[in-house]
Amino acid sequence: MNKRDGVYIGKGTVGADVVNSTDGISAILASTGVAPTGLALGVTKKLTGVSDAEAVGINAAYDTTNAVRVYRHITEFYRMAGEGVILYLMLYPQTVLPVAALGATYAQKMIADAKGAIKKFGLAWNPPSDYAPVQLDGMETAIRSAIAPMQAFADWTDATFRPVHTILECRGLSVASAAALDLTALVVNSLAVQYPQVTLAIAQDWDFADTQDAIGKKFADIGTLMGALAGRQVNENPGEVGAVNLTDVKKGKWLTAGISSHIKTSDIEADLSQWANKGYSLAWDYQSESVSGFRFSGDPVCAPVIEDADGNLNESSISLSCTNAKIRRALRDVYLPKVNSVQQVDTATGLLPIGRIKALEDLGNDVFKGLSDAGIISGGNVKVDRNSNLLSGTKTLGVSFNWVPEGTIAQINGVVNIKSTLS
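The letter at position 210 of the sequence shown is residue 232 when you use the numbering used here, and the numbering goes up by one with no holes.
Okay, structure coming up:
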């Protein structure tokens, strides 16, 4: 740990921000062949609504002329999140593959330009017109090769105290679910790996996709997913049936859902659960007379669900990933002012007295209480290491942070019986 870091709060037993509107701040890094009139490639633009994009020349005509879906992602983001939510936008050349866009020139520059405000980061790729996709593990190699680097990018944001969750446009699926790569059981060099800050989006508004060229027909609507996430609390599932409906009949949006192989979900109903079980984010309907429209399947990440022998949970969902990041940001904020502060010690032991320990624990406990009162977590606690030596050596205060998330009803199982009496 570098001294300039001040406070380091690692993952494992956790750390977050109080309830505020900054949780929805997002970013989309999208490729294009031609820069719009008012925005050069590689420049970060802060948007608060669709009109801000239109002011720099990004509109429906821009998408059509250049065979891209930049305006599409922006309009879908704001349709779901609502006007006023901050969305950072950067365009990068189509000649740059997604994996190469994740370095200092584009993705990292966006994080720095936004001064760490970005909480959700989306990578969209609009291939050039001469694009000839090569398939690997049921998806285009340009996408497959970007999965691990997306997590590496997320790890970089975390290491620089600006943690984000990432969404990758998984365009161009080429197989049925049975042959698809299982994102919850990824293996590298015979070792199981987890990419908990990466979500692959495969859902598309099929009717819109059908208006695109051959390449565009196989896009994924990451703007829709990112907008749904930005419009909710960090602990909430974008697939909550009663809260997030993708369909807007009046606007003609999401009347037909598909996946990025440009196949309607209604044509592959038997495959849908397997796509979801393998960790892909898709959209489906629930075949209900009272609940119409399409919903996201859940909030998956590229990781399995794990609970160890000590009851520690991994970040196995978008909500856990985003809530964990929020907590760690907030805890760092309240403890950072204590770095290099003078602390009275017990003259008999040379260690912190109980009163000082409690005061330091209360800083974090107040954060947890605020989050619990807001319905973001079930609860949390802080324990300061009573044996922390602040007189010599590294003078490091050891602190343990634990929190319990809110539960999610993933499904409801019940039995209906016809009875002669009720007793």
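By construction, the Cβ of each residue, glycine as well, lies at the ideal position given by its N, Cα and C atoms.
What does the alpha-carbon distance come out to for the pair Gly453 and Thr206? Lying outside 23 to 445, the shown extent of the chain, residue 453 is not represented and no answer is given.
Would you kindly report the start and end of the unbroken beta strand (DSSP E) that includes Asn403? 399 to 406
Determine the DSSP secondary structure at Thr345, reduced to helix, strand or coil. helix
Does Phe241 come out as helix, strand or coil in the three-state DSSP assignment? coil
In this structure, how does DSSP classify Phe183 when only helix, strand and coil are distinguished? coil
Please name the residue or residues paired with Met112 in a DSSP beta bridge. Leu51
For Asn409, which residues in the same chain have their Cβ closer than 8 Å to its Cβ, ignoring the five residues on either side in sequence? Within its own chain, the residues whose Cβ lies closer than 8 Å to the Cβ of Asn409, once the five positions on either side in sequence are excluded, are Leu373, Gly420, listed in chain order.
On the premise that Ala146 lies in contact with Ile224, defined as a C-beta separation below 8 Å, what is that separation, rounded to the nearest angstrom? Contact check for Ile224 and Ala146: beta-carbon distance about 13 Å, past the 8 Å limit, so the pair fails to qualify.
Along the chain, where does the beta strand (DSSP E) that runs through Val220 open and close? 220 to 223
Limits of the alpha helix (DSSP H) - the one that Trp228 falls within: 228 to 231
Got a sec? Which residues, its chain only, sit under 8 Å from Asp293 by beta carbon, not counting five neighbours each side? Leaving aside the five residues that flank Asp293 on each side, the residues in its chain whose CB is nearer than 8 Å to its CB run, in chain order, Ala198, Ser199, Ala200.
Nearest-angstrom Cα distance between Leu111 and Gly64? 10 Å
Report the option in Met161, Ile165, Ile398 whose CA atom is closest to the CA atom of Gln255. Checked all of Met161, Ile165, Ile398; the closest Cα to Gln255 is Ile398.
Contacts around Asn81, its chain only, beta-carbon distance under 7 Å, and the 5 residues preceding and following it disregarded: Tyr93
For Cys344 versus Asn257, is the C-beta spacing smaller than 9 Å? yes
For the stretch 304 to 323 and the stretch 100 to 114, state whether three or more C-beta atom pairs, one from each stretch, are separated by less than 8 Å. Short answer: they don't touch.
Let's test the definition: count the other Cβ atoms within 10 Å of the Cβ of Gly245 and tell me whether it reaches 16, buried, or not, exposed. buried
Give me, in chain order, the residues of the same chain whose beta-carbon lies closer than 8 Å to that of Gly451; leave out the 5 immediate sequence neighbours on both sides. Since the first residue of the chain shown is 23 and the last is 445, residue 451 is not available in this structure.
Counting C-beta neighbours from all protein chains within 10 Å, is the total for Gln366 16 or more, i.e. buried, or is it exposed? With fewer than 16 other Cβ atoms within 10 Å, it is exposed.
Say whether the stretch 231 to 244 touches the stretch 146 to 162, bearing in mind that this needs 3 or more beta-carbon pairs closer than 8 Å, one atom from each stretch. yes
Determine the burial state of Gln433: buried for a count of at least 16 other Cβ atoms within 10 Å of its Cβ, exposed for fewer. exposed
Classify Thr179 as buried or exposed, calling it buried when 16 or more other Cβ atoms lie within 10 Å of its own Cβ. Buried, since its Cβ has 16 or more Cβ neighbours within 10 Å.
Same chain, Cβ closer than 8 Å to Arg101, five either side skipped, listed in chain order: Thr246, Gly249, Asp270, Lys273, Lys275
Going by DSSP in three states, Leu251 sits in which element: helix, strand or coil? DSSP places Leu251 in helix when its eight states are reduced to three.
Cα-Cα separation between Ser341 and Ala168, rounded to whole angstroms: 22 Å
Of the residues Arg378, Ala214, Arg354, Leu382, the one placed nearest Ala325, counting alpha carbons only: Ala214
Hey, would you say Trp228 sits closer than 9 Å to Lys286, going by beta carbons? yes
Answer with buried or exposed for Asn211, where buried requires no fewer than 16 other C-beta atoms within 10 angstroms of its C-beta. exposed
Which value, in whole angstroms, describes the spacing of the CA atoms of Ser312 and Ile431? 19 Å
Closest Cα partner of Ala236 within the set Ala75, Leu382, Asp152: Asp152
Using 8 Å for Cβ pairs, my map puts Val240 next to Ser283. What's the rounded Cβ distance? The amino acid at residue 240 is misidentified as Val; the sequence shows Lys. That belief holds up - the Cβ atoms of Lys240 and Ser283 are roughly 6 Å apart, short of 8 Å.
Are the CB atoms of Ser48 and Ala123 within a distance shorter than 9 Å? no
Leaving out the 5 sequence neighbours to the left and right, which residues in its chain are closer than 6 Å to Pro58 when beta-carbon positions are compared? Val78, Gly79, Ile80, Tyr84.
List the endpoints of the continuous beta strand (DSSP E) containing Asn13. Any question about residue 13 goes unanswered here, given that the chain covers just 23 to 445.
Beta-carbon within less than 6 Å of Ser400's beta-carbon, same chain only, minus the 5 sequence neighbours each way: which residues are those? Val426, Glu428
Alpha-carbon spacing of Lys142 relative to Thr188, whole angstroms: 6 Å
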